[in-house]
Amino acid sequence: MHISSLPSPYGVGSMGRPARDFVDFLKKAGQTWWQILPVCPTSYGDSPYQSFSTFAGNPYFIDLDELREEGLLELDEYSRIDWESPADRVNYGALYEKRYLVLRLAAERFLTVPSEEYDTFCRENAYWLDDYALFMALKNFSSGKPWIEWEEPYRNRQPDALQKFEEEHRKHVNFWKVLQYFFFRQWKELRNYANQQGISIIGDLPIYVAFDSVDVWAHPELFQLDENRVPAMVAGCPPDGFSAEGQLWGNPLFDWDTMEKDDFAWWTERIRYQTTIYNVLRIDHFRGFDSYYAIPYGSENAQNGTWRRGPGMRLFRAIEKAIGKQQIIAEDLGFLTESVKELLKESGFPGMKVLELAFDSRDDNSSEYLPHNFIPHCVAYAGTHDNDTIQGWMASAAPEDTNFAKEYLRMDDPEEYHWDMMRALWSSVAETTIVQAQDLLGLGSESRMNVPSTAGGNWCWRALPGSFDDALAEKLSHYMDVYSRKNLA
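Mapped onto this note's numbering, the consecutive letters of the sequence shown carry residue numbers -10 to 478.
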């Protein structure tokens, strides 16, 4: 359940009362984990997997009511705004046009007498915050253009030009710093509240960063770029049973040889930072550390890519040596070679099992996802944000696939399909099981979070107010008792 999907009167879920109400529901329902999507700022396309920064938090999630309680906003400054969306959808265009106007009012009031806590936050996070705030100010100054299209002194980070810009636009730079202070102060309070209720938070880390990000702009030497700082090759997935053209993500690829020269310091800091935010970290596209798919820049699809070797265990040994062993979940879905399986085994991280894929005849690994083939050391899902909901899948998948599911799971009541599949997870040997909030609610394809390799209409679903009520909590709690999964840490 992503934060954006929480019920809220202000266009998108937030880290205030909407999130605490959901934590309270999880506690009543006998749950232990709350998994979310990346909380970084979204850019064009609204995907949390394509962000302006791998370190920053999404300002949309800042709770406006909490800012009002601090005296930084008046109720009528945001309560009457038309967020131009029904209660079950997010309109990111309206958020972009209207949310920042409200947040700017709060930031300007805060900066009249900034707190010592704010100064400490800026000092402790300067290694990423200074570049991020400058990047966002420059992006606004450049009419939102990607950094590769900025004026040459800014694009190539000429020190004198950057210093002059920051001096002349300090107010705008500080605005972006204040938003991050607001975000992480509220995030810390939410995480503490969740942990006090016995709920731990699983975060999500995309393996790649967006080309139009401060990460690439500030550290071009860490990526496979040409002399003009344009990607030579980009990331994606090859064609398979799900897509004849493959998936063209477009992210720049890491220069692993350069990264290894300083013992993967950038990656170590990235993991260290993320593991201080979350209780457990899921790393997306784990197989990319063993070998990654490189597609020539400018390609129309992913058909002409080639496989290249990744850093493997050298990366994870360096990280563990620097910051100790961390709680990590490896997203090991997709085409898995023996070397990928060996990397997962050697890392010690639990991999993922997705029950919907167990019945999908297009998936080469489908048998591994059948519950009778689970191993205890795994995290089992009915579906992820990239899959349809259970009810949606049962209504749209190939008949031979759904018939297999019905026989295997002994499904006979369409209104119970989602409960049948979730019960199969809970009765399995998997140490941890995760279900989508949409599946708890028995929703169909209209609530699907994302359809990979499509643009528009994704990441928009929101739960309606009152969806997570006491009756649902009691039902879920009952099943946790039945399958001995209540409040397991």
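Where is the CB? At the ideal position from N, CA and C, for every residue including glycine.
Source: prediction; values computed, not measured.
The shortest C-alpha to C-alpha distance from residue 1 to any of 305, 19, 57, 85 is the one to 85. By the Cβ rule, the segment 35 to 44 counts as touching the segment 193 to 202, because three or more pairs are nearer than 8 Å. Taking each of 295, 250, 364, 148 in turn and checking the Cα distance to residue 211, the smallest one comes out for 250.
Annotated three-state conformation of residue 319 is strand, per DSSP.
Here residue 357 is buried, its C-beta having at least 16 other C-beta atoms within 10 Å. Take the alpha-carbon of residue 241 and the one of residue 209: they are about 10 Å apart. Around the C-beta of residue 109, fewer than 16 other C-beta atoms lie within 10 Å, and the residue is accordingly described as exposed.
Secondary-structure assignment with DSSP links residue 193 through a beta bridge to 271. The continuous beta strand (DSSP E) containing residue 282 extends over residues 280 to 285.
Contact fails between the segment 25 to 39 and the segment 94 to 106, because fewer than three Cβ pairs, one in each stretch, are under 8 Å apart.
Beta-carbon to beta-carbon, residue 272 and residue 23 are separated by about 18 Å, too far to satisfy the 8 Å threshold. Note on geometry: alpha-carbon atoms of residue 89 and residue 83 lie some 10 Å from one another.
It is roughly 21 Å from the alpha-carbon of residue 327 to the alpha-carbon of residue 369. The residue among 443, -10, 456 with its C-alpha nearest the C-alpha of residue 231 is 443.
Residue 449 sits in coil when the DSSP states are folded into three classes, being neither helix nor strand. Annotation for residue 423: the continuous beta strand (DSSP E) segment containing it runs 421 to 423. Per DSSP, residue 27 lies in no alpha helix (DSSP H) and is assigned neither H nor E. In chain order, 36, 374, 375, 447, 448 place their CB closer than 8 Å to the CB of residue 439, counting only its own chain and leaving out the 5 sequence neighbours on each side.
In this structure, the alpha-carbon of residue 214 lies about 26 Å from that of residue 262.
In this structure residue 461 touches residue 429 by the C-beta definition: roughly 7 Å separates them, less than 8 Å.
Burial check for residue -9: the Cβ neighbour count within 10 Å reaches 16 or more, so the residue is buried.
Taking C-beta atoms under 8 Å as the contact rule, residue 191 and residue 267 qualify, at a distance of about 6 Å. Within the same chain, Cβ atoms closer than 6 Å to the Cβ of residue 426 are found at -10, the five residues on either side in sequence being excluded. With a cutoff of 9 Å on beta-carbon distance, residue 378 and residue 445 are scored as not near each other. Counting along the chain, residue 370 sits inside the beta strand (DSSP E) bounded by residues 367 to 370. Residue 60 has its alpha-carbon roughly 46 Å from the corresponding atom of residue 343.
For residue 220, DSSP records a beta bridge to 214. Excluding five sequence positions before and after residue 355, the CB atoms of its chain that fall closer than 8 Å to its own CB belong to 346, 347, 348, 349, given in chain order. Taking each of 103, 113, 120, 48 in turn and checking the Cα distance to residue 87, the smallest one comes out for 48. In this structure, the alpha-carbon of residue 284 lies about 16 Å from that of residue 198. Rounded to the nearest whole angstrom, the CA to CA distance from residue 70 to residue 138 is 34 Å. Between the alpha carbons of residue 146 and residue 126 lies a distance of about 14 Å.
About 5 Å separates the Cβ atoms of residue -4 and residue 452, confirming a contact at the 8 Å cut-off.
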